[in-house]
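The structure under discussion appears below in the form of structure tokens.
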Amino acid sequence: MKKMKYVLVTGGVVSGLGKGVTASSIGLLLKACGLRVTSIKIDPYLNSDAGTMSPFEHGEVFVLDDGGEVDLDLGNYERFLDVKLTRDNNITTGKIYQFVLDKERRGDYLGKTVQVVPHVTDAIQEWIERVAMIPVDGKEGPADVCVIELGGTIGDIESMPFIEALGQFSYRVGSGNFCLIHVSLVPVINVVGEQKTKPTQHSVRGLRGLGLTPNILACRSTMALDENVKEKLSQFCHVSAEDIITLYDVPNIWHIPLLLRDQKAHEAIFKVLNLLGTAKEPSLKEWTTRAEICDMLHEPVRIAIVGKYTGLSDSYLSVLKALLHASVACCKKLVVDWVPASDLEDMTEIENLDAYKAAWKLLKSADGVLVPGGFGDRGVEGKILAAKYARENGVPFLGICLGMQIAVIEFARSVLGLKDANSTEFDPNTRNPCIIFMPEGSKTHMGGTMRLGSRRTYFQVMDCKSVKLYGRSFIDERHRHRYEVNPDMVTGLENAGLSFTGKDETGRRMEIIELPDHPYYIGVQFHPEFKSRPGKPSALFLGLIAAACGQLDALLQGFESQEVNCLPNKKVYQNGYATRPANIITDAMYSYCNGVHS
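So this is what it looks like as structure tokens:
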């Protein structure tokens, strides 16, 4: 039986250097060399998972097929590697300590004093080995390489048990099976333009003092490292100059795997893992083309995201990525206008007129409107006003989770005349509860008690935009919600013109709404952004962008005839509905970059 190879990615100097993107890019590069890759993210915080943390604290909560609420970096892994991870691929201090304490309560430690070393450190190592063997790419058997990202920064108190465990782990798996890549910062002092190596020197010294020796340095900087800087780092950090890689600023993150490839990072990793001669050269033709096209796009499509966490773009990271995937597919340059939902409300007009005017100006200048998910009542009325504006003015609209719920509320108020229509989340005493608490939910425990993970939706109407975009009679998408559309109000809403085109297997849980006579007005209870991939855009995001730039009719007609016009004078042929919308732009991208005109 072949031994698993491990690549550990750590970070030093400061947080936010891009360890997640680096780890994802390394995984993609190894996959492009013909290896099967899985990944693990270690988060040293005490929470069991990311489910109860504010997006302002830690960015979005990414949801997996199995219902795991995990760190957003796992979203990067899934998007780059096109895999489906499990909740156990995200290790937290909370999970490890819970695991150890459960064993202690069962008596598994046979009366011993339970300590960080060896019990916690052993649990970490056993968890890594177990999860690394789980196939995530749809094939049988374990992967060849597991990429592990250690969250936080070297020297953090909370990460010490993981550092110790990983130090032991490197000896446990043996020489040739463990490669450590340390991501560090090489700042440039603007006054003299000099690249300073001292922060990285100190970071590596700290890492070595904790029992880990880096094999490869990945240095973040604004520009490529000078050769003399590499030599200095090599001398003081005990890493060969050819194993020092520069991760300098690039136009978009799709260039990062190409940076690694161009600097022979794969060869440096193979040298440490004894894979030289067994893995092939990386094949990244399609990825390269996509990255280059993204840089060349200049015709804008403006999408207004109306939300409550607009102060931190990472709060909606997967939504942004899904919009990007779709805009590249439609050959448009994505421009996102962040609209704080509360700034659209009447109260803001009284308290802060400038913010009110600015928000409405952004909304009215947008080609499309997206209202993402969220919790709590702040900004809800602003979201309802955004949905009303899009509905009445024929502006393409996509509502996700809460975004769908507020669309239903707005329709009930404006079309049915139910002025107090609301969700019981915001008004428990409303006489017209359009949105109600789900029976299986918990009102006492917050963590892991929502309707989570992949659930099946069955289309009820075959002649609708969502069916034409998905191209099948049912879909599996990921959910994260406690409230749902009140089934007792569905008939009245349908009679007034709101079409519930998708429902769950029982027929009582509403999943998709549409306005048939609107250019594009769709709301979904699930989160389609979590399954969008580069080159495989989410169907509903593709529909939104296509509608926003006037391509929707051509797109749908192209699907029906198995021929998609995604670029001027370029045609991409599909194998059938089952593959749509995956890979709809590959051939067109190659033609575009090569200047071929059909």
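Position 452, counted from 1, in the sequence shown is what full-length UniProt numbering calls 452; the numbers after and before it change by one each time, with no gaps.
Ideal placement from N, C-alpha and C gives every residue a C-beta, glycine not left out.
Values in this document were obtained by computation on a predicted structure and should not be read as measured data.
* Asked: In the region 313-364, which residue ranges form an unbroken alpha helix (DSSP H) of at least 4 residues, counting only runs that do not cross its ends?
  -> 317-329, 346-351 and 353-364
* Near the ligand ADP: Val188 beta-carbon under 7 Å from a heavy atom -> Absence of the ligand ADP is noted for the structure shown, with no ligands found whatsoever.
* Return the residue from the list Ser221, Gly497 and Pro118 that minimises the CA-CA distance to Val250. => Ser221
* Asked: Among Val301, Val272, Val183 and Lys333, which residue has its Cα nearest to the Cα of Ala291?
  -> Lys333
* Relative to the C-alpha of Met347, which residue among Ser327, Val380 and Ile303 is closest? -> Val380
* **Short Cβ contact (8 Å threshold) for Gly209 with Ile42** => no
* Under the rule that 16 or more other beta-carbon atoms within 10 Å means buried, what is Leu17, buried or exposed? -> buried
* Asked: Distance, Cα to Cα, Lys571 vs Asp553?
  -> Caution is warranted here: a pLDDT of 37 is assigned to Lys571, below 50, making its placement in the model unreliable, and the coordinate value is therefore given only provisionally. Their Cα atoms are separated by approximately 15 Å.
* DSSP beta-bridge partners for Val145? -> Val145 is bridged to Lys5 and Val37.
* Can the beta-carbon of Val13 be found closer than 8 Å to that of Ser203? -> yes
* **DSSP state of Cys179 mapped onto helix, strand, coil** => Residue state, collapsed to three classes: strand.
* So Arg456 packs on Glu505, CB below 8 Å; how close in whole Å? -> 6 Å
* Leaving out five residues on either side along the sequence, give the residues of the same chain with a beta carbon under 8 Å from the beta carbon of Glu267. => Leu276
* Asked: At what residues does the alpha helix (DSSP H) containing Ser234 begin and finish?
  -> Glu227 to Cys237
* To do: Drop a sphere of 10 angstroms on the beta-carbon of Phe526, count the other beta-carbons inside from all chains shown, and report buried for 16 or more, exposed for fewer.
  => It is buried - the Cβ of Phe526 has at least 16 other Cβ atoms within 10 Å.
* **Nearest-angstrom Cβ-Cβ length linking Gly373 and Cys331, presumed shorter than 8 Å** => Gly373 to Cys331, Cβ: 28 Å. No contact.
* Starting from Ser499, follow its DSSP beta bridges and name the residues at the other end. => Glu514
* Asked: Can you tell which of Thr52, Lys321 and Ala304 has its C-alpha closest to the C-alpha of Lys364?
  -> Ala304
* Consider the Cβ of Leu344: report whether some Cβ of chain B lies at a distance smaller than 8 Å. => Given the protein chain composition of this structure (a single chain), no chain B is represented.
* Span of the beta strand (DSSP E) holding Ala224? -> Looking at the DSSP string, Ala224 is not in any beta strand (DSSP E), and its letter there is neither H nor E.
* Outcome for Arg130 when other beta-carbon atoms lying within 10 angstroms are tallied against a minimum of 16 -> That one is exposed.
* Asked: With DSSP run on the structure shown, which of helix, strand or coil describes Gln557?
  -> helix
* Asked: Between Ser25 and Phe80, which are expected to be in contact by the criterion C-beta below 8 Å, what is the C-beta distance as a whole number of angstroms?
  -> Their Cβ separation, rounded to whole angstroms, is 7 Å, which keeps Ser25 and Phe80 in contact under 8 Å.
* To do: Look up Ser15 in the DSSP assignment and say whether it is helix, strand or coil.
  => Coil.
* Helix, strand or coil at Leu259 [DSSP, three-state] -> helix
* Asked: By how many angstroms is the C-alpha of Ile244 removed from the C-alpha of Ser234?
  -> 8 Å
* Reference Gly399, options Lys383, Lys95 and Lys271, closest by Cα -> Nearest C-alpha to Gly399: Lys383.
* Report yes if the C-beta distance between Ala32 and Leu284 is below 8 Å; otherwise report no. => yes
* Taking the CB atoms as reference points, tell me whether Gly502 and Tyr458 lie closer together than 8 Å. => Their beta carbons are under 8 Å apart, which means Gly502 touches Tyr458 by this criterion.
* Asked: Candidates Lys468, Glu529 and Tyr520: which alpha carbon is nearest Leu556's?
  -> Taking each of Lys468, Glu529 and Tyr520 in turn and checking the Cα distance to Leu556, the smallest one comes out for Lys468.
* To do: Look at the alpha carbon of Pro534 and the alpha carbon of Arg105, and state the distance between them as a whole number of angstroms.
  => 46 Å
* Grab the span of the alpha helix (DSSP H) containing Ile128 for me, first residue to last. => Thr121 to Ala132
* Residues near Gly34 by beta carbon distance below 7 Å, same chain, minus five either side -> Ala279 and Lys280
* To do: Take Gly307 as the anchor and find which of Asp377, Met296, Arg431 and Ala547 has the nearest alpha-carbon.
  => Asp377
* Could you give the distance in angstroms between the alpha-carbon of Ala165 and the alpha-carbon of Gly453? -> 31 Å
* Report the three-state DSSP secondary structure of Lys571 (helix, strand or coil). => Its pLDDT being 37, under 50, Lys571 is placed unreliably by the model, and the measurement read from it follows with that caveat. Strand.
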